[in-house]
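Those protein sequence lines, which keep their order, are chains A and B.
All residue numbers for the first sequence refer to the UniProt record's numbering, where the first residue is 1 and numbers rise by one.
All residue numbers for the second sequence refer to the UniProt record's numbering, where the first residue is 1 and numbers rise by one.
C-beta atoms are modelled at their ideal positions from N, C-alpha and C, and glycine is treated no differently.
Have a look at the structure below before the remarks.
There are 2 protein chains.
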Amino acid sequence: MTDKRRLRVALLGAGSVGSQVAALLREHADELAERSGAELELAGIAVRNPDAPRNAELPRELMTTDAETLIVGSDIVIEVMGGLEPARSYVLQAINSGADIVTANKAMLATHGAEIFDAADQVGASVSYEAAVAAAIPIIRPLRDSLAGDRVNRIMGIVNGTTNYILDRMDREGADFGEVLADAQRLGYAEADPTADVEAYDAAQKAAILASLAFHTTVPLEAVHREGITGITKGMMDAARHAGYVIKLLAVCERLADRADGEAVSVRVYPALVPREHPLASVHGVNNAVFVEAAAAGNLMFYGAGAGGLQTASAVLGDVVSAARRHIAGGVGVGESARAHLPVVAIGEIVTRYQVTLEVDDQAGVLATVAGILSDGRVSIATVEQTVTEEGRARLVIGTHQAVEQDLNETVGRLATSGVVERVVSVLRVEGD
Amino acid sequence: MTDKRRLRVALLGAGSVGSQVAALLREHADELAERSGAELELAGIAVRNPDAPRNAELPRELMTTDAETLIVGSDIVIEVMGGLEPARSYVLQAINSGADIVTANKAMLATHGAEIFDAADQVGASVSYEAAVAAAIPIIRPLRDSLAGDRVNRIMGIVNGTTNYILDRMDREGADFGEVLADAQRLGYAEADPTADVEAYDAAQKAAILASLAFHTTVPLEAVHREGITGITKGMMDAARHAGYVIKLLAVCERLADRADGEAVSVRVYPALVPREHPLASVHGVNNAVFVEAAAAGNLMFYGAGAGGLQTASAVLGDVVSAARRHIAGGVGVGESARAHLPVVAIGEIVTRYQVTLEVDDQAGVLATVAGILSDGRVSIATVEQTVTEEGRARLVIGTHQAVEQDLNETVGRLATSGVVERVVSVLRVEGD
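Dropping the structure here:
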């Protein structure tokens, strides 16, 4: 096939992802042409510093510091520079100059997604972002295309490899958070400043993107409830294991269809107890997985490496092939701007199950008092286990039925000041059972 | 949005899948129009007997026995009647009359796929078949689109729910094959005649489809090596568990890149030992999962319900939305006819690990004799466990390193006639470690 159309591809960014994208574009040129129906010509690579050291050999003559000129006349613009600006401005410029966009930039999409999708829809451009969530694991395309005739009700995702690595090792080795974090930093699985991962800022961005797509609405990043894993102790891990659970940092996106005031969504990221037999419980190491509950399709899970330059580049290339096909076919992109604006409920309004661990005086009547306070607070007990601890005190591990978070919090507050509870050891949500 | 284009959709078949497709088309009409950019008008439903009882309420006036007339003028033809003919003829007619095809028919694709894809490519039609493998689990689209810029090296799939249900219960309950099969039949998980499932004809069709797509080649159904699960005993299950494995019916599709005579593929379906910690080992009940190893993306797994009318209908609807978008945009379908014709190697040529279980005389020197025969046959021992059985005999469980199947078979033949081996208890392949 020699009379293929030629498409100009502009690459913005040449970090760990960008350099791999450039390498794969050249290495697989023939297959990419075969599958996309177009010769993909890498027209240039916009970087801040052309002389910086790179992971892969990149032709020096393709490098430019002038992204804006590179974008002009490009058919496909791949944005893998990350960050909010100038990424957002370049993407908007590219859309308005007629290019299709492929991006791996979760921060930009979680923050400026609505603006970008609107701009794309106005000119009929496509914006693809498989690489923005869970690297090479296909999750954006399945949600957007495969489930286009279905209705997603809930997503539970392990979408941050660093925190899964830490929690997995804490679980399997009985190690401490700090100890494993230091190890992860040494091995390159965690940054020197691990805040974005361990405080779940990264997972919150991905949750906003997944929920927006799955529920065809716009979830602002600031509406995502976010709790990190720094408070998870060895003791909590051990207790979880004993009770048949494992603690995972979950991004939970939930459609709330039955509310009196109309449909709403809940989007939250926190460490939660997951039953050992749930498929998410066997996601180990730096792997990611996204569990999707759909009305007709039932339960699906997508699993794989959630990070890595090469893995992310694979997802980018898949999007590039689709963008090339679309660019040739003409017509308009898939379109994500026709979105609802479903309210995102506050964390106090969510309904889930909880495990409350209390240290109490080992006296007659204490359990009755605790049970009474729970019952008064509209928190129904599913399971309870009492063990006498070394100090002569007793430990109560209470599993609740479904309860409203606010009721649960108020009830735990009353327990704490009840006189019979020495200490609230932990309160954890239970997901996936 | 009121000025949407109207697309005529013809449905061929109203069985468990077709009736759900018809129901979802009506139920989700607004969302489907929103996501596809077209009003999808169900123009008619071709059935053999309009008066047969149906799972869902289908409008009697849409029913017709004249599929050929229905197809004329249709934009999208959904074929969910199953079987080879008249399905193949209708699909070819539809392609040549300008329709895009959505099908769930694995038998037809495994047998006549090349002919159908060629016909579609000649007129620029699209043929979508997400529902043909693993129901609602997105696997066709990820292989075709998400990994379009990558290179798939290997697929291991649990693609038959009935056999996974049987093997899973045998593993978890220590039950017998016959006992669990009878139960599965009672529960509707297995047919009255279970041959297609337990003899792996169904899995072989799916393996041919997956391998053809993943390696961009044409794998004829008759080139797929096929072994069913009827020979799997409680004893083999127990031994597998003891050794840290579980037995799963696997569809293995492998790219053989390093052969002296050029690239080839291996496509085989058989019960194999899978390490307990492998993600495929935790696929329980009637669920399916497909594990994909790609050069850049690394290891991915796709998991979910692999059967069911509603689940399959979800996959069909996703394809219908994509077909509608494409039909409106114009241009040509993805195109699968430009395929290589990679040779499919015979089962004797594959290379994998094996577990060989032998009953031997409990005498000095027997292990040395056995080890010598293995070594002479180019089969290298990785692990060996000897246990004395009740009858005064000994049992040898030998795990091999990678070996060529033909070498292994010849060696096992020599062991059987060596005089020191009383009985070859089992020979199982090991996959996924």
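Query, Result
"Chain B within 7 Å of threonine 2(A), Cβ atoms only", "Because threonine 2(A) carries a pLDDT of 46, less than 50, the predicted location of this residue cannot be relied on, and no value is offered for it."
"Interface residues of the region 138–161 of chain B facing chain A [CB-CB below 8 Å]", "Pro138, Arg141, Pro142, Asp145, Ser146, Leu147, Ala148, Gly149, Asp150, Arg151"
"Backbone secondary structure at valine 398(A) - three-state DSSP", "The identity of residue 398(A) in the sequence shown is isoleucine, whereas the question assumes valine. Strand at isoleucine 398(A)."
"Contact under 7 Å by Cβ, alanine 43(A) with glutamine 311(A)", "no"
"Under 7 Å from the C-beta of histidine 28(B): neighbouring residues of chain A", "Gly149"
"Contact set between the region 92–103 of chain A and chain B, restricted to residues whose Cβ is under 8 Å from the partner", "none"
"Any chain B beta carbon closer than 7 Å to alanine 214(A)", "no"
"8 Å contact criterion, which glycine 392(A) and aspartate 433(A) should meet: CB distance rounded", "With a Cβ gap of about 34 Å, glycine 392(A) and aspartate 433(A) do not count as contacting."
"Close-in-space but distant-in-sequence residues of the same chain around arginine 151(A) (CB under 6 Å, 5 per side omitted)", "Ala295"
"Assigned secondary structure, methionine 63(A) (DSSP; H/G/I helix, E/B strand, else coil)", "strand"
"Cβ neighbour criterion (16 or more within 10 Å) applied to valine 356(A)", "buried"
"Touching by the beta-carbon criterion (3+ pairs, under 8 Å), the region 259–272 of chain B and the region 268–282 of chain A", "no"
"Span of the beta strand (DSSP E) around glycine 298(A)", "298–305"
"Coil, strand or helix - arginine 35(A) by DSSP", "helix"
"Cβ contact check for the region 23–34 of chain B and the region 389–403 of chain A: 3 or more pairs under 8 Å", "no"
"Chain-ordered neighbours of phenylalanine 302(A) on chain B, where CB pairs are closer than 7 Å", "Phe302"
"Members of the region 35–67 of chain A that neighbour chain B once the beta carbon cut-off is set at 7 Å", "Arg35"
"Any chain B beta carbon closer than 7 Å to glutamine 311(A)", "yes"
"Amino acids of chain B, ordered along the chain, whose beta-carbon sits closer than 7 Å to that of serine 266(A)", "Those do not exist, as serine 266(A) stays about 21 Å from chain B at its closest Cβ, beyond 7 Å."
"Within 9 Å of chain A by C-beta, residues of the region 316–329 of chain B in sequence order", "Val316, Leu317, Gly318, Asp319, Val320, Val321, Ser322, Arg325, Arg326, Ile328, Ala329"
"Rounded straight-line distance, which links the Cα of glutamate 130(A) to that of residue 467(A)", "Here chain A comprises residues numbered 1 to 433, so residue 467(A) is not present and cannot be evaluated."
"Reduced DSSP secondary structure (H/G/I, E/B, other) of leucine 210(B)", "helix"
"Within-7 Å CB hit, serine 288(A) to chain B", "At residue 288(A) the sequence reads asparagine, which differs from the serine that was named. Chain B contact via Cβ: absent."
"Cβ separation of glycine 309(A) and glutamine 20(A), assumed to be a contact under 8 Å, to the nearest whole Å", "5 Å"
"For asparagine 105(B), three-class secondary structure by DSSP", "coil"
"Valine 219(B) - DSSP class collapsed to helix/strand/coil", "coil"
"Which of helix, strand or coil DSSP assigns to methionine 156(A)", "strand"
"For glutamate 41(B) and threonine 2(B), the rounded distance between their alpha carbons", "Low local confidence applies: a pLDDT of 46 at threonine 2(B) is under 50, so the model's placement there is unreliable, and no value is given."
"Paired residues, beta bridge with serine 128(A) - DSSP", "Val102(A)"
"Own chain partners of leucine 317(A) with C-beta closer than 6 Å, once the 5 adjacent residues on each side are dropped", "Leu24"
"Neighbour flag for residue 484(B) against chain A, beta carbons, 7 Å", "Since the first and last residues shown for chain B are 1 and 433, residue 484(B) lies out of range."
"Touching by the beta-carbon criterion (3+ pairs, under 8 Å), the region 155–167 of chain B and the region 242–260 of chain B", "yes"
"Min CB distance glycine 298(B) to chain A below 7 Å", "yes"
"Given 8 Å, three or more beta-carbon pairs between the region 278–285 of chain B and the region 51–65 of chain B", "no"
"Pick from Pro220(B), Val344(B), Ser128(B), Tyr245(B) that is closest to glycine 262(B), judged by C-alpha positions", "Val344(B)"
"Same chain only: Cβ atoms within 6 Å of leucine 300(A), ignoring 5 sequence neighbours per side", "Val292"
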